[in-house]
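**Q** I am attaching a structure below and will ask some questions about it afterwards.
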Amino acid sequence: MVKIQKKDFDIEKEVQLIKNQYSNIGAVSLFIGYVRDFNNNMDVNLLEIEVYENMAKKELSKIRENAVRKWNLIDCLIIHRYGKLKVNDKIVLVASFSEHRKDSFNSNKYIMDYLKKNVPFWKKETYSKGSSWVENNF
Amino acid sequence: MVKIQKKDFDIEKEVQLIKNQYSNIGAVSLFIGYVRDFNNNMDVNLLEIEVYENMAKKELSKIRENAVRKWNLIDCLIIHRYGKLKVNDKIVLVASFSEHRKDSFNSNKYIMDYLKKNVPFWKKETYSKGSSWVENNF
Amino acid sequence: MKIKYFAWIKDITNKDYEEINKNHPKNIEDLKKVLNSHYPDLKKHMNKNILRFAVNMEYVSTNKNLNSSDEIAIFPPVSGG
Amino acid sequence: MKIKYFAWIKDITNKDYEEINKNHPKNIEDLKKVLNSHYPDLKKHMNKNILRFAVNMEYVSTNKNLNSSDEIAIFPPVSGG
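As structure tokens, then:
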């Protein structure tokens, strides 16, 4: 499943919702991205995330399906938030569900790498003085 | 932190306990291992995990410290359960906390690989007929 | 034809989107010329080749032909995750 | 000297641990001989070189000397995680 939402999420609940459906899941790899207090040596007060929602949904669904096929995943969940976020808030969750850990690990990394490069979200950071659009480093 | 315990754990709570202490965490990688319903083509009813507790704690602490040093992690949490577990129960959690995702990903994989090979836990599966000690596949 | 702008492109165009319904650009290169002429501040970015184009929510990297019903998006490198 | 057994080793020795307080084995090779003689069913596993030994909770792979105060553990390949 792919979710693009403003609201926060509970990791345990999101994982259990999927885990409860499959007793053959042995391995779950998760990545969670958070808003950091410092970036580019600037003290971040607020992070605004803009999204091209329909295209983001399309891109995330595509990469999710590719990952499921490539690593034979049992399921895969991607959540990305948008709107105004504070320091320490969650931004993104990628959860890969498989029988064995190798597939969950590799697919998780693959999805995050793709997401950072291709899915149309943009971050704008507000500092004590001014603000700027973020460029991703790889 | 390293925890060896009988009881279940809540992923969200365990992650937040650590995340709340550091505003510079941008990336958290998690691995969670679960009891699967099938293993070695046998229908698993019950999984018993035995542990050499003092040595397991020592080994996990050692690998945790190595990972923190090697990838400059902000923190790292390992939880491993023992005792009688049912299908769908959580077995293990490894959580790596870093500024950027590369370090959390790589350390997470490293810890799980080491854990599977060297930390003194043993699984005994009970099937509808009989039981057997598990051998890890890599 | 609908053209959508995102992130700091929007700061230059001063709008989220616009519609061009008559004499719309025939392809992506045409569109770039139209935009450069409407928004002179966009030109230096356009020349650096860092902007990304999507037509109907699919990335395009070639000089694709455009139809009047297309939704085109122009945006800087993404920074989600 | 305390010797601890785990997993299916315990099924062979029929005990979790035992103490050897007089004439204790001087090193790991000595210990292997003593165990093979006390527990004949252990011998075939010992010969296959799959068992792991720890002294005071550290793995040993060489023929380490043993002291009377040592805690030794003998176990099959681990299977946690």
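Residue numbers (numbering that gives the first Met the number 0), protein chains in the order written: chain Y, 0 to 137; chain F, 0 to 137; chain Z, 0 to 80; chain R, 0 to 80.
Where is the CB? At the ideal position from N, CA and C, for every residue including glycine.
Computed from a prediction, not measured in an experiment: that's the story for all the values here.
Using a Cβ-Cβ distance under 9 Å, would V133/Y count as near chain F?
**A** No, V133/Y does not count as interfacial toward chain F.
**Q** Can you give the Cα-Cα distance for N71/F and N39/Y, rounded to whole angstroms?
**A** Rounded to the nearest angstrom, the two C-alpha atoms are 19 Å apart.
**Q** Please confirm whether G82/Y has its beta-carbon closer than 9 Å to some beta-carbon of chain Z.
**A** With 9 Å as the cut-off, G82/Y does not count as an interface residue toward chain Z.
**Q** Name the chain R residues that come within less than 8 Å of K122/F, Cβ to Cβ?
**A** Here the neighbours are S78 and G79.
**Q** Identify, in the order they occur along the chain, each residue of the same chain with its Cβ nearer than 7 Å to the Cβ of K83/Y, setting aside the five sequence neighbours on each side.
**A** Only L45 and E47 meet the Cβ criterion.
**Q** Does I73/F have its Cβ less than 9 Å from a Cβ in chain R?
**A** By this cut-off, I73/F is not an interface position.
**Q** State the DSSP-derived secondary structure class of A66/Y, mapped to helix, strand or coil.
**A** In this structure, A66/Y counts as helix in the three-state DSSP scheme.
**Q** Measure the beta-carbon distance from N62/Z to E28/Z and round it to whole angstroms, keeping in mind my assumption that it falls under 8 Å.
**A** With a Cβ gap of about 5 Å, N62/Z and E28/Z count as contacting.
**Q** Counting only runs that start and end within the region 61-121 of chain Y, where is the alpha helix (DSSP H) found for 4 or more residues in a row?
**A** Whole alpha helix (DSSP H) segments, 4+ residues: 100-117.
**Q** Using the C-alpha atoms, what's the distance from K122/Y back to F8/F?
**A** In a straight line, the C-alpha of F8/F is about 33 Å away from that of K122/Y.
**Q** If you measure between the beta carbons of I110/F and F96/F, is that distance less than 9 Å?
**A** Not a contact, by the Cβ cut-off of 9 Å.
**Q** What is the DSSP secondary structure of I17/Y, counted as helix, strand or coil?
**A** I17/Y: helix per DSSP, three-state reduction.
**Q** Does V118/Y get closer than 9 Å to chain Z when you measure Cβ to Cβ?
**A** Chain Z, which has a Cβ nearer than 9 Å to the Cβ of V118/Y, makes this yes.
**Q** If you follow the beta strand (DSSP E) that I71/Z is in, where does it begin and where does it stop?
**A** E70 to F74 is the span of the beta strand (DSSP E), which, as asked, contains I71/Z.
**Q** Any beta carbon from chain Y within less than 9 Å of M56/Z's own beta carbon?
**A** Chain Y contact via Cβ: present.
**Q** Rounded to whole angstroms, what's the CA-CA distance from Y33/F to E49/F? Just pull it up for me.
**A** Their Cα atoms are separated by approximately 16 Å.
**Q** Got a sec: which bits of the region 31-52 of chain Y sit with their beta carbon under 9 Å from any beta carbon on chain Z, in order along the chain?
**A** The region 31-52 of chain Y vs chain Z, Cβ under 9 Å: G32, I48, E49, V50 and Y51.
**Q** May I ask you to report which of helix, strand or coil DSSP gives V33/R?
**A** Helix.
**Q** Compare the C-beta of A55/Y with all C-beta atoms of chain Z and state if any pair is closer than 9 Å.
**A** Yes, because at least one Cβ of chain Z sits closer than 9 Å to the Cβ of A55/Y.
**Q** Please confirm whether L76/Y and L92/Y have their CB atoms less than 9 Å apart.
**A** Going by C-beta atoms, L76/Y is nearer than 9 Å to L92/Y.
**Q** Mind reading off the beta-carbon distance from Q4/F to R80/F? Whole number of angstroms is fine, and I expect it under 8 Å.
**A** The pair is a contact, with the Cβ atoms about 6 Å apart (cut-off 8 Å).
**Q** If distances are taken between C-alpha atoms only, which option among T12/R, N22/R, W7/R and F74/R comes closest to V54/R?
**A** Residue F74/R is the option with its Cα nearest to V54/R.
**Q** What three-state label does DSSP hand A6/Z in the structure shown?
**A** Looking at A6/Z - three-state DSSP - the assignment turns out to be helix.
**Q** Which residue marks the beginning of the beta strand (DSSP E) containing K2/F, and which one marks its end?
**A** V1 to Q4 is the span of the beta strand (DSSP E), which, as asked, contains K2/F.
**Q** By Cβ distance, which residues of its chain are closer than 8 Å to N23/Y, with the 5 residues on each side in sequence left out?
**A** Cβ within range, chain order: I73 and E98.
**Q** Candidates K116/Y, N65/Y, M54/Y and D36/Y: which alpha carbon is nearest Q20/F's?
**A** Of K116/Y, N65/Y, M54/Y and D36/Y, the residue nearest in Cα terms is D36/Y.
**Q** Which of the three DSSP states is assigned to N135/F in this structure?
**A** Note: N135/F maps to coil in three-state DSSP.
**Q** Please identify the residue among K6/Y, M0/Y and I90/Y whose C-alpha is closest to the C-alpha of E64/Y.
**A** Nearest of K6/Y, M0/Y and I90/Y to E64/Y, Cα basis: M0/Y.
**Q** Might you give, ordered along the chain, the residues of its own chain that have their beta carbon closer than 6 Å to the beta carbon of R100/F, omitting 5 neighbours on each side?
**A** Excluding positions up to five away in sequence, the list reads A26.
**Q** Between N13/Z and N64/Z, how many whole angstroms is the CB-CB distance? I'm expecting something under 8 Å.
**A** Not confirmed; about 28 Å, so no contact.
**Q** In terms of residue numbering, what span does the alpha helix (DSSP H) encompassing M45/Z cover?
**A** Run containing M45/Z: K42 to K47, per the alpha helix (DSSP H) assignment.
**Q** Please identify the residue among S130/F, E124/F and D112/F whose C-alpha is closest to the C-alpha of L59/F.
**A** It is D112/F.
**Q** Pull up the CB-CB distance for P119/Y and V59/Z, whole angstroms please, since I reckon it's below 8 Å.
**A** Wrong, their Cβ atoms sit about 14 Å apart, outside the cutoff.
**Q** What residues in its chain sit with their C-beta under 7 Å from that of S24/Z, if we drop five residues either side in the sequence?
**A** Per the sequence shown, the amino acid found at residue 24/Z is Pro instead of Ser. Once the five neighbours on either side are set aside, the close Cβ partners of P24/Z are L30, V33 and L65.
**Q** Below 8 Å on the Cβ atoms is my contact criterion, and I expect E13/F with A94/F to pass it. Report the Cβ-Cβ distance as a whole number of Å.
**A** That belief holds up - the Cβ atoms of E13/F and A94/F are roughly 7 Å apart, short of 8 Å.
**Q** So F5/R contacts chain F; which residues on that side make the cut at Cβ distance below 9 Å?
**A** Residues of chain F passing the Cβ test: E49, V50, Y51, P119 and W121.
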